[in-house]
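Using this note's numbering, you'd call the opening residue of the sequence shown number 62 and step up by one each time.
All C-beta atoms, glycine included, are put in the ideal place defined by N, C-alpha and C.
All figures in this text were calculated on a predicted structure; none of them were measured in a lab.
What follows is one structure encoded as structure tokens, with my remarks underneath.
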Amino acid sequence: MMSSQSMASQPLAMSSGSTQGFQPVFQAGVHDAQRGVDLHQGMALYLEDVCVDFDGFRALNHLSLYIEEGELRCIIGPNGAGKTTLMDVITGKTRPTSGSAFFGRNLDLSKLSTEEITEAGIGRKFQKPTVFEAFTVLENLQLAAPKHKQVRFSLSRKQSSETLAKIDMTLETIGLKNFRSKQAGLLSHGQKQWLEIGMLLMQEPQLILLDEPVAGMTDHETVLTAELCLELKKKHTLIVVEHDMSFIDSISEKVTVLAAGQVLADGTLAEVQANPEVIEKYLGR
Ligand code: ADP
Ligand code: MG
């Protein structure tokens, strides 16, 4: 819109068993984006042996990551580990230097534009909220509806009942039902973050990426955001990057630790927190 290797040497695919039998359709091209993502093998995201080089600096180093449909995956790791670069690759902002990146089994993310990737069903929330401060909560959600479902402001009463119902449902989900007429610029930092998540939801993404969603939030807002993530998980696949361990603990199933552009470990939070390499390269700092 407008806006693992598990324990270093064991391949992730083996540790999870989740990629067995999975075969991306490598010949698929750009036009598949319009036909939609093919999730029938249960794999939402398939990144294999991805490298990203920036002028000789390797931000992602032979990274492999497989996310199943309906999963809520947390990604943690030190600053500079490559977490944001990973999201940039998934959303088409950065192209892999080598390796493959697929959404479902048919969409080659390295060949689609950022717009095509959004349309195909991947929504991303950046760390800084980018809501339209001069508009109300309701107007922000209206503006975020997919273009073909949008109606100009002056005609908003005629807006399709489908979009209005979607807006109501979204307001309920993000906890801003009683703030629909409030100017977005007057919301708290946490409420702005939720509104932006609501704007993402208007696009009905299959996969949602959240980069440090609770940074700058109060403890109470953080708890509410954890509840929101668990609610979103019922209908979406989620990838959440965060440093806040208590937040991660309250939402996480599987946690992947990135360091120096590679998967250092994955498992439950307790498992990765007990991993000596993770302690050395991340937690012990
Ligand atoms: P994280 O989000 O885990 O903190 P990033 O993905 O932002 O890490 O960055 C990984 C590394 O890649 C960092 O060392 C960063 O400086 C570098 N990097 C990221 N984007 C660029 C870029 N566009 N040009 C050069 N280096 C970059
Ligand atoms: Mg980052």
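Apart from the five residues on each side of it in sequence, which residues of its chain come closer than 7 Å, Cβ to Cβ, to residue i?
i	result
Ala335	none
Pro207	Gln264
Ile128	Ala105, Leu106, Arg134, Thr298 and Ile300
Ala287	Phe308, Ser311 and Ile312
Thr155	Val113, Thr146 and Asp149
Val339	Val318, Leu325, Ala326 and Val333
Lys294	Leu133
Leu216	Low confidence applies here, because Leu216 scores a pLDDT of 48, under 50, leaving its location unreliable and the question unanswered by this model.
Pro157	Val111, Cys112, Val113, Val150 and Ser171
Ala276	Gln188
Glu257	Lys186, Pro190, Thr191 and Val192
Indicate whether residue i and residue j have their beta-carbon atoms separated by less than 9 Å.
i	j	result
Glu292	Thr231	no
Leu289	Trp255	yes
Ile269	Arg166	no
Gly322	Leu108	no
Gly143	Leu124	yes
Val111	Ala162	yes
Ile178	Gln267	no
Ala181	Met260	no
Gln244	Glu282	no
Pro190	Lys238	no
DSSP three-state label for residue i, please.
i	result
Met75	Residue placement at Met75 cannot be trusted, given a pLDDT of 35 that sits under 50; the coordinates are not used to answer.
Glu332	helix
Asp114	strand
Gln188	coil
Gly58	As shown, the chain starts at 62 and ends at 346. That puts residue 58 outside it, with no answer to give.
Asn347	Since the first and last residues shown for the chain are 62 and 346, residue 347 lies out of range.
Val324	strand
Thr279	coil
Val98	coil
Ala287	helix
Gly165	coil
Gly160	strand
Leu133	strand
Asp149	helix
Asn317	Correcting the residue type first, residue 317 is Thr in the shown sequence and not Asn. Three-state result, Thr317: strand.
Met104	strand
Glu109	strand
Thr155	coil
Asp272	strand
Leu237	coil
Is residue i near the ligand FAD - that is, is its Cβ less than 8 Å away from at least one heavy atom of it?
i	result
Ile312	In the structure on display, the ligand FAD does not appear, and the ligands it does have are the ligand ADP and the ligand MG.
Within a Cβ cutoff of 8 Å, which residues of the same chain sit near residue i, ignoring the five residues on either side of it in sequence?
i	result
Glu273	Gln188, Val302, Glu303 and His304
Pro139	Ala320, Lys342, Tyr343 and Arg346
Leu330	Cys135, Met306, Ile309, Asp310, Ser313 and Val316
Thr175	Thr152, Gly153 and Lys154
Val284	Ser311
Which same chain residues end up closer than 6 Å to residue i when comparing Cβ atoms and leaving out the 5 residues on each side of it in sequence?
i	result
Ile228	Leu202
Gln71	The pLDDT assigned to Gln71 is 32, lower than 50, so where the model puts this residue is not dependable; a value taken from the coordinates is nonetheless given after this. Around Gln71: no qualifying Cβ.
Ser242	Thr197
Glu130	Leu100, Gly103, Ala105 and Thr298
Met278	Gly251
Leu349	An answer regarding residue 349 cannot be provided, because it is not within the stretch 62 to 346 covered by the chain.
Query raised in the report: Is the number of C-beta pairs between the segment 143–157 and the segment 95–104 that are closer than 8 Å three or more?
Result: Of all C-beta pairs linking the segment 143–157 to the segment 95–104, fewer than three are shorter than 8 Å, placing the two stretches out of contact.
Query - Quiz: which residues have CB nearer than 6 Å to the ligand ADP non-hydrogen atoms - result: Chain-ordered list of matching residues: Phe115, Phe118, Ala120, Gly138, Asn140, Gly141, Ala142, Gly143, Lys144, Thr145 and Thr146.
Query - the segment 183–202 touching the segment 246–259, judged by at least three CB pairs closer than 8 Å - result: They touch, by the three-pair rule.
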